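Below is one structure, written out as structure tokens, with a few remarks after it.
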Amino acid sequence: MLDVFAGCGGLSEGFHQAGVADSCWAVEIDEPAAQAFRLNYSQTTVFTDDCNILLSLVMEGAKTNSRGQSLPQKGDVELLCGGPPCQGFSGMNIFNSREYSQFKNSLVISYLSFCEYYRPQFFLLESVRNFVSFKKSMVLKLTLRCLVKMGYQCTFGVLQAGQYGVPQTRRRAIILAAAPGEKLPHFPNPTHVFSPRACQLTVVANDIKYEGSIRMDSAPYRTITVRDSMSDLPHIKNGSAVRSMNYNGEPHCHYQRLVRGKSHRGTSGNQHQPVLYGHICKEMSPLVAARMRYLPIGPGSDWRDLPNKCIRLSDGTTAPKLQYTHHDKKNGRHKNKSLRGVCSCATGQPCDSFYRQYGTLIPCNHGAYHIQVTDTIIGRGFMEEPMGKQGRVLHPEQHRVVSVKECARSQGFPDTFHFFGTILDKHRQVGNAVPPPLAEAIGLEIKRSVEKKDK
Numbered sequence: 001m002l003d004v005f006a007g008c009g010g011l012s013e014g015f016h017q018a019g020v021a022d023s024c025w026a027v028e029i030d031e032p033a034a035q036a037f038r039l040n041y042s043q044t045t046v047f048t049d050d051c052n053i054l055l056s057l058v059m060e061g062a063k064t065n066s067r068g069q070s071l072p073q074k075g076d077v078e079l080l081c082g083g084p085p086c087q088g089f090s091g092m093n094i095f096n097s098r099e100y101s102q103f104k105n106s107l108v109i110s111y112l113s114f115c116e117y118y119r120p121q122f123f124l125l126e127s128v129r130n131f132v133s134f135k136k137s138m139v140l141k142l143t144l145r146c147l148v149k150m151g152y153q154c155t156f157g158v159l160q161a162g163q164y165g166v167p168q169t170r171r172r173a174i175i176l177a178a179a180p181g182e183k184l185p186h187f188p189n190p191t192h193v194f195s196p197r198a199c200q201l202t203v204v205a206n207d208i209k210y211e212g213s214i215r216m217d218s219a220p221y222r223t224i225t226v227r228d229s230m231s232d233l234p235h236i237k238n239g240s241a242v243r244s245m246n247y248n249g250e251p252h253c254h255y256q257r258l259v260r261g262k263s264h265r266g267t268s269g270n271q272h273q274p275v276l277y278g279h280i281c282k283e284m285s286p287l288v289a290a291r292m293r294y295l296p297i298g299p300g301s302d303w304r305d306l307p308n309k310c311i312r313l314s315d316g317t318t319a320p321k322l323q324y325t326h327h328d329k330k331n332g333r334h335k336n337k338s339l340r341g342v343c344s345c346a347t348g349q350p351c352d353s354f355y356r357q358y359g360t361l362i363p364c365n366h367g368a369y370h371i372q373v374t375d376t377i378i379g380r381g382f383m384e385e386p387m388g389k390q391g392r393v394l395h396p397e398q399h400r401v402v403s404v405k406e407c408a409r410s411q412g413f414p415d416t417f418h419f420f421g422t423i424l425d426k427h428r429q430v431g432n433a434v435p436p437p438l439a440e441a442i443g444l445e446i447k448r449s450v451e452k453k454d455k
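If you read the sequence shown in the numbering used here, its first letter stands for residue 1, the second for the next number, and so on.
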């Protein structure tokens with residue numbers, strides 16, 4: 001298997017757990033993520049070259065790169081998988097002019113070039129949900145057209161990771177392709193029930209609505225919650241950097257037994273990992289630490305629950321009280337007749353930075369239209385639900401942001417999986433990864449296709 005844009009190895013992890021393939025090669029230009037991949041798969045050749053340069057070397061007949069690493073040759077790759085990054089699918093407009101020309105120069109077409117050269121038996125492309133609708137589905141249609149012209153059978157869809165045992169809501173666009181003579185895999189049936197509202201997986205292209213092949217109102221297992229993912233982890237404080245520690249007793253549920261006992265090599269033994277690694281969290285500033293401390297412990301609490309008062313911070317400085325100085329034209333006065341606006345824009349006038357207030361316990365954000373308080377990082381998750389929107393990054397029951405380990409578990413990574421670099425690097429590796437349980441479910445379908453063909 002060749003994993004392109006591999007990150008720390010979420011796709012490879014899931015495929016290993018499915019037993020469908022071995023990661024022989026991986027391409028990842030980000031050094032910390034590449035190091036994380038090496039930590040988990042010491043037998044894999046990990047390239048940190050630009051993928052375009054790497055492919056050019058192979059096409060020119062090179063056997064090794066400048067570091068002396070052996071390059072995969074034509075006929076070596078049976079499974080090609082990857083998630084080409086494109087920030088445009090998440091909001092940035094990179095196709096604002098000469099769209100087809102820019103598409104040809106994108107990393108999506110670079111990834112398709114790998115497929116055209118190596119001609120693997122199976123191909124997988126993973127991306128954000130907006131991939132299928134971006135620019136009226138232009139990128140999706142061109143990608144499918146390229147694969148079909150190469151002779152591949154194709155299917156595409158949007159999958160909800162929460163339906164495959166991940167304790168969060170995360171929808172991903174998937175394209176699966178099989179070479180001529182191979183059996184095209186189906187998308188996996190859900191294994192876990194999940195909120196119907198989060199499972200709207202239809203795709204609209206050319207004003208045509210495409211329904212997914214997965215239409216199940218039930219599944220064998222219940223939804224995995226935040227409590228399932230983290231209740232056995234020990235209590236830590238803001239900025240905790242302790243490298244290793246003991247678990248908070250025995251596993252409290254089946255999910256915890258899985259993540260403790262499942263090896264990143266795809267096997268699950270009777271012995272759970274005895275020591276916990278990576279349960280560390282970013283240290284927040286004295287002001288943010290105070291906001292976390294004053295935020296009530298309770299599901300869904302956010303900045304609106306903060307008291308508006310003057311407090312002394314841990315570094316000796318003072319956080320002043322937020323002053324409401326203007327009439328709010330839209331919402332009117334508070335029920336006690338007090339003002340609600342903090343900027344002239346609340347009255348319908350243009351925003352004025354003169355009214356900007358800094359360092360208050362209730363955060364004041366100068367938005368595009370008016371100054372308002374914000375819940376950017378001030379919001380608690382729900383213990384009894386899957387992890388939701390990214391803005392709610394505070395621990396549901398502790399005065400801190402969620403740890404690297406808690407984020408990794410919310411993606412379905414086993415506790416034996418290692419990340420590399422700074423805390424920010426590790427959070428980025430987790431956040432950019434394909435949830436391994438989702439990858440495992442897809443991998444099992446590919447494995448079934450191979451087995452059916454061999455019968």
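Positions of the beta carbon are idealized from the N, C-alpha and C atoms, including for glycine.
Here the structure is a predicted model, which means the values were calculated and not measured.
Cβ atoms of Gln-121 and His-235 stay farther apart than 8 Å, at about 49 Å. Counting along the chain, no alpha helix (DSSP H) covers Glu-126; the unbroken beta strand (DSSP E) around it starts and ends at 122-128. By the criterion of a C-beta distance shorter than 6 Å, Ala-21 is surrounded in its chain by Met-1, Phe-15, Leu-79, once the five residues flanking it on both sides are discounted. The segment 137-149 makes no contact with the segment 27-36; the number of CB pairs closer than 8 Å stays below 3. When the beta-carbon positions are compared, Phe-123 and Tyr-152 come within less than 8 Å of each other. Judged by beta-carbon spacing, Gly-19 lies within the 8 Å limit of Lys-447, meaning their Cβ atoms are closer than that value. DSSP places Thr-202 in the coil class of the three-state scheme, outside both helix and strand. With a threshold of 16 other beta carbon atoms within 10 Å, Arg-67 falls short and is exposed.
Just so you know, the alpha carbons of Ala-346 and Arg-333 end up roughly 11 Å apart. Between Met-387 and Gln-160 the beta-carbon gap is near 13 Å, outside 8 Å, which marks them as no contact. The alpha-carbon separation between Leu-140 and Asp-425 amounts to approximately 30 Å. About 4 Å separates the beta carbons of Phe-194 and Gly-162, which is inside the 8 Å limit, making them a contact pair. Runs of the alpha helix (DSSP H) lying entirely within the segment 12-57, each at least 4 residues long, are 31-40 in chain order. Unbroken alpha helix (DSSP H) runs of no fewer than 4 residues, entirely contained in the segment 212-293, are found at 226-230, 254-261, following chain order.
DSSP places Val-158 in the uninterrupted beta strand (DSSP E) bounded by 153-160. Taking a 10 Å sphere around the C-beta of Cys-310, we find fewer than 16 other C-beta atoms and assign the residue as exposed.
Exclusion of the five residues before and after Ser-70 leaves Thr-45, Lys-63, Thr-64 as the residues of its chain whose Cβ lies within less than 8 Å of its Cβ. Put simply, of Val-58, Met-59, Arg-119, Tyr-277 the residue whose alpha carbon is nearest the alpha carbon of Gly-75 is Arg-119.
Exclusion of the five residues before and after Asp-328 leaves Arg-340, Gly-341, Ala-346 as the residues of its chain whose Cβ lies within less than 6 Å of its Cβ.
Here Pro-296 has Asp-305 as same chain residues with Cβ atoms under 6 Å from its own Cβ, once five neighbours each way along the sequence are excluded.
Minimum Cα-Cα distance from Lys-453 among the listed residues Cys-407, Met-59, Pro-180 corresponds to Pro-180. Taking the C-beta atoms as reference points, Cys-407 is found nearer than 8 Å to Val-430. The C-beta of Tyr-358 has fewer than 16 other C-beta atoms within 10 Å across all chains shown, which makes the residue exposed. In this structure, the alpha-carbon of Lys-136 lies about 28 Å from that of Leu-11. For Arg-227, the closest alpha carbon among the candidates Ser-410, Met-292, Glu-440, Ser-23 is that of Ser-410. Checking the DSSP bridge columns, you'll see Val-4 partnered with Val-27, Gly-82. In the three-state reduction of the DSSP assignment, Lys-335 falls in the coil class, being assigned neither a helical nor a strand state. The criterion of a C-beta distance shorter than 8 Å is satisfied by Pro-396 and Gly-381. The C-alpha of His-192 is placed about 14 Å away from the C-alpha of Glu-440.
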